[in-house]
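First residue of the sequence shown? That's 1 in full-length UniProt numbering, and the numbers climb one at a time after it.
A virtual CB, placed ideally from N, CA and C, is assigned to each residue, including glycine.
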Amino acid sequence: MTISYQNATVADCELLTETALASKRYWGYREEYMSMWTDDLTITDINFRKGELIKCFYADEYIGFFELEDKGPYLCIDHFWVLPAHINKGFGRVIMSHIKAIAKSRGYKYIEVYAEPNANLFYEKMGGVCVRQVLTSVPGRMMKVYHLPVIEEDWIDLETAGLVVVEEGKLLLAYSNNKKAWYLPGGKIDEGEGSRTALIREIEEELNLVLDVDRLTFLHHITAPAYGEKLNIMMQQDCYSYSLNGETIEATNEIGAVKYFSLEEYKKEEIQVPGVLMVFNILS
Numbered sequence: 001m002t003i004s005y006q007n008a009t010v011a012d013c014e015l016l017t018e019t020a021l022a023s024k025r026y027w028g029y030r031e032e033y034m035s036m037w038t039d040d041l042t043i044t045d046i047n048f049r050k051g052e053l054i055k056c057f058y059a060d061e062y063i064g065f066f067e068l069e070d071k072g073p074y075l076c077i078d079h080f081w082v083l084p085a086h087i088n089k090g091f092g093r094v095i096m097s098h099i100k101a102i103a104k105s106r107g108y109k110y111i112e113v114y115a116e117p118n119a120n121l122f123y124e125k126m127g128g129v130c131v132r133q134v135l136t137s138v139p140g141r142m143m144k145v146y147h148l149p150v151i152e153e154d155w156i157d158l159e160t161a162g163l164v165v166v167e168e169g170k171l172l173l174a175y176s177n178n179k180k181a182w183y184l185p186g187g188k189i190d191e192g193e194g195s196r197t198a199l200i201r202e203i204e205e206e207l208n209l210v211l212d213v214d215r216l217t218f219l220h221h222i223t224a225p226a227y228g229e230k231l232n233i234m235m236q237q238d239c240y241s242y243s244l245n246g247e248t249i250e251a252t253n254e255i256g257a258v259k260y261f262s263l264e265e266y267k268k269e270e271i272q273v274p275g276v277l278m279v280f281n282i283l284s
């Protein structure tokens with residue numbers, strides 16, 4: 001199956017909007033819901049200013065489009081719609097493989113998509129892992145956010161534990177000399193270890209700090225692409241909150257420095273680690 005691609009222009013706004021609405025309506029939504037979503041599904045010049053819109057053709061026939069937006073370390077699919085006559089015909093799989101190739105060629109580490117709920121299974125078949133869910137405009141209805149690898153391989157889990165220390169609204173991060181980026185203090189969980197035990201070991205090795213178990217509280221589990229690893233490594237991290245009571249932190253050889261960051265300060269860094277961004281989101 002060969003699909004060709006063509007950059008869309010502002011002159012295509014009506015065509016793209018009609019495609020999005022028709023594809024959404026295919027799933028049998030009530031018109032009251034469709035009315036709620038019309039603005040979100042309407043393509044305007046704003047879409048072209050913030051992203052890249054691509055039309056898809058099969059045998060010279062227009063079948064749908066997608067919109068890509070640069071998010072720094074990752075590529076976001078803002079729209080991906082196929083006309084009803086071409087849904088469940090295998091076109092989505094071919095187009096998604098093309099999007100992955102684009103992302104990999106441009107150096108992105110992963111792809112993010114807020115999935116139409118009826119497309120959840122499709123994204124999972126394409127290697128997507130749900131990293132969180134968000135509320136929609138429909139009461140009680142959740143939308144899954146997927147991260148997809150940029151290569152045609154499934155994600156491989158990397159079990160880790162991270163320490164969350166907040167002082168004056170800022171998050172403590174450690175600079176990895178090996179990966180040249182600021183990370184949550186912590187590290188990999190060895191075989192046979194629990195996440196709490198692993199974190200205590202890692203923090204003593206990294207920061208020369210012996211954690212007081214009584215002050216170590218489980219905060220949240222995060223799932224995020226692992227920065228600095230192979231392109232299909234997905235970090236599974238148990239995060240624990242901790243309050244320093246005057247303890248001294250010393251960066252060891254593998255850690256270049258430790259520093260407190262606000263989200264605004266962290267976003268100015270050249271490299272922003274996905275897992276760290278998720279922790280900021282949890283804390284907000």
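Counting only the Cα atoms, L83 lies some 33 Å from T223. If you look at W27, you'll find it isn't in any alpha helix (DSSP H); DSSP assigns it neither H nor E. T223: member of the beta strand (DSSP E) spanning 217-225, first to last residue. Within the UniProt domain "N-acetyltransferase" (3-157), the complete beta strand (DSSP E) segments of 3 residues or longer fall at 3-7, 52-58, 61-70, 74-82, 110-114, 129-135, 142-148, listed in chain order. Between T197 and D157, the alpha-carbon positions lie close to 19 Å from each other.
The three-state reading of DSSP puts M1 in coil, since its state is none of H, G, I, E or B.
When C-beta atoms of the stretch 9-21 are compared with those of the stretch 68-87, three or more pairs fall below 8 Å, so the two segments count as touching. Apart from sequence neighbours up to five positions away, the residues of its chain that approach V129 with a beta-carbon distance below 7 Å are Y146, H147, W155, T223, M234, ordered along the chain. Nearest Cα to E61 within the set S35, L41, F91, I43: F91.
At a Cβ-Cβ threshold of 8 Å, I3 and I102 do not count as neighbours. The three-state reading of DSSP puts S176 in strand, counting E and B together.
Distance from the CA of G275 to the CA of T160, rounded to the nearest whole angstrom, comes to 11 Å. Taking one beta carbon from each stretch, the stretch 243-263 and the stretch 166-176 have 3 or more pairs nearer than 8 Å; the two touch. Note on M34: under 16 other CB atoms within 10 angstroms of its CB, so exposed under the neighbour-count rule. Less than 8 Å divides the Cβ of S176 from the Cβ of I255.
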